[in-house]
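FYI, the numbering used here numbers position 45 of the sequence shown as 218, with every residue one higher than the one before it.
Note that the Cβ used here is the ideal one computed from N, Cα and C, for glycine as well.
These numbers were taken from a predicted model, which means no experiment stands behind them.
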Amino acid sequence: MRIAYVSLHWARTKDSGVGKKIQSQLEMWRARGHKARVFMHASTGEPAERLIEADVYPYEARGKLVTEFNRIRAASRMVDAVAAFKPDVIYLRYGIYVFPAHRLMAIAPVIEEINTNDLTQHEDLGGLYSLYNRLTRGIFLRFVRGLVTVSRELEVSRAFAVYRKPTRVIANGIELDSFAPLPAPSNQTPRLVFIGSPGYLWHGVDKLVDFARRFSDVQLDIVGYDSLPEFEPLPPNLTLHGYLSSDEYLKVLARADAAISSLALHRIQLNEASTLKSRECLALGLPLVVAYEDTDLGEAGFDFLLKIPNKEDNIQTHGETIHEFAYRMRGVRANRAALKDRIDSGRKEELRLKFFEEILRETNAKHA
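Here it is as structure tokens:
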């Protein structure tokens, strides 16, 4: 198959979780004999050397009206390029509609990847953008040929199920063999780590600050945030590292006894996930604190996983449990062999490609 992967609005970098996922998919599809190319519609600002392999259609963000015109021009160029590629299938990562992206539907069957409930998540963008998304999201969802959701919760959510599209649940995975496990450090007192990005309410960084204040004997590293002015003065056992490249944050992870995943998915009305950073931490061997239902891990019962409730007060009610887990995980690493059948991306991409082929056959049969 000729597969066009389309990403809207965001520059996908080599160090980001999404960028790594897309690059890995591209390579796996090619390794299985398919011709695949990424078409990336993105705002300017990221140096070219930081971007994943892609045909990039940049636009300059400069005031709302000018930015929108720039987005449209870039999207138009991208759609023309996708048409010239002559794909059999288009794989679209969900993004807010931009004119004339709907023309992708006339080029080849479009399968859309759903990573979150956009109706709740995009409320953080403000009233205007949230309203725009609500008014235009159906342009894609009504006319795509299929959906891939990263959780069962999203599959059955009315936000998507109402469109009655063929759907597959394929949680986020990771190429385990591409990661060398980090040896366990020899910490006298435990060290926990969190990797995130500013501006995402569901990360629950405020809860991490509360935890650090309650348990001064546990060191806590937060990667991706260079300041938290609303919580100053920060406790001395909490260190902010700001943005770090993969090589740089590996050094921080190497010192950690365990990692913490997102603590507040309840704030965007979600209870199930398979976050990319959690997959990377597990691939590196770090035990993990999880505050949601993990699509792949479920009730696995691994001793290197700690499941706490997905509630606003989870640090108040389970802070002591996390504290005990941190001490217990000193010198321990996740069992990667036990994780392989659950989170490794090789099998996941085979399932994704099989779904592409099913959609393509159904489309061809209708047009025969």
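| Check | Outcome |
| --- | --- |
| Can you name the residues that DSSP bridges to Lys194? | Bridge partners of Lys194: none, in fact. |
| Expressed to the nearest angstrom, what Euclidean distance is found between the alpha-carbon atoms of Thr536 and Leu365? | 49 Å |
| Looking at the unbroken beta strand (DSSP E) that takes in Val262, where does it start and where does it end? | Val262 to Arg266 |
| Measure the alpha-carbon distance for Gln196 versus Ala357 and round it to whole angstroms. | 29 Å |
| So Ala281 is in the alpha helix (DSSP H); what residue range does that whole segment cover? | Counting along the chain, Ala281 falls outside any alpha helix (DSSP H), and DSSP gives it neither H nor E. |
| For Ile433, list the residues DSSP reports as bridge partners. | Val462 |
| Considering Gly300, what are the terminal residues of the alpha helix (DSSP H) in which it resides? | Gly300 to Leu314 |
| Flag this pair as yes or no: are the beta carbons of Gly415 and Asp399 separated by less than 9 Å? | yes |
| Taking 8 Å as the line, does the beta carbon of Met213 fall inside it for any heavy atom of the ligand NAD? | With respect to the ligand NAD, the structure shown offers nothing to examine, as it has no ligands at all. |
| Taking only three categories from DSSP, how would you classify Lys208? | strand |
| Under the rule that 16 or more other beta-carbon atoms within 10 Å means buried, what is Arg235, buried or exposed? | exposed |
| Where does Asp228 fall in DSSP's three states? | strand |
| Can you check whether the CB of Leu459 is closer than 9 Å to the CB of Ala510? | no |
| Just to confirm, is the Cβ distance from Ala248 to Pro282 under 9 Å? | no |
| Using C-beta distances below 8 Å, list every residue in its chain close to Phe408, excluding the 5 sequence neighbours before and after it, in chain order. | First, the residue type needs correcting, since residue 408 is Pro and not Phe in the sequence shown. Counting only Cβ-Cβ distances below 8 Å, and skipping sequence neighbours, we find Val382, Ala385, Arg386 and Ser389. |
| Could you pull out every residue in the same chain whose Cβ sits closer than 6 Å to the Cβ of Met251, ignoring the five residues on either side in sequence? | Phe212, His214 and Tyr230 |
| Does the beta-carbon of His491 have 16 or more other beta-carbons within 10 angstroms, so that it is buried, or is it exposed? | buried |
| The alpha helix (DSSP H) with Gln294 in it runs from where to where? | Asp291 to Gln294 |
| Ile343 and Thr322: beta carbons closer than 9 Å? | yes |
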